[in-house]
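Undergrad: The structure is given below, and queries will be raised subsequently.
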Amino acid sequence: MEPTPADTVKNAIQQALTQALANDDPVHRIRAITAILDAIKDCGPTLKAPRQADVLKLRETMTLREVGDLIGLSIPRVDQIAKGK
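Whatever position you read off the sequence shown (first residue = 1), add 153 for the working numbering.
Here is the structure:
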């Protein structure tokens, strides 16, 4: 079974964390973990835009409930994504 994109990301984060924790210097570990967290945060806008576009595309022909059922999210969450939140 091929790994999902989420599996790939989780594995990369785990590998980076393992590398960060391998250092005995707490200052180095703190800086490395902070950099990992910053990198994850920086990806947010890159990930949100295509998700919003896809939800809006589905909303052209489906209700919030139908989209939510299809993608496994609640109606309020689908609405939030559609609004860019």
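Note that beta-carbon positions come from the ideal geometry of N, C-alpha and C, so glycine has one too.
Taking 7 angstroms as the threshold (C-beta atoms), are A235 and R212 in contact?
TA: Yes, they are a contact pair.
Undergrad: Kindly indicate which three-state DSSP category E219 falls into: helix, strand or coil?
TA: Residue state, collapsed to three classes: helix.
Undergrad: Considering just the uninterrupted stretch of the alpha helix (DSSP H) at T187, what are its terminal residues?
TA: Residues P179 to D195.
Undergrad: Check whether the Cβ atoms of Q221 and V208 sit closer than 7 angstroms, and answer yes or no.
TA: One detail in the question is off: residue 221 reads as Gly in this sequence, not Gln. Not closer than 7 angstroms, so no.
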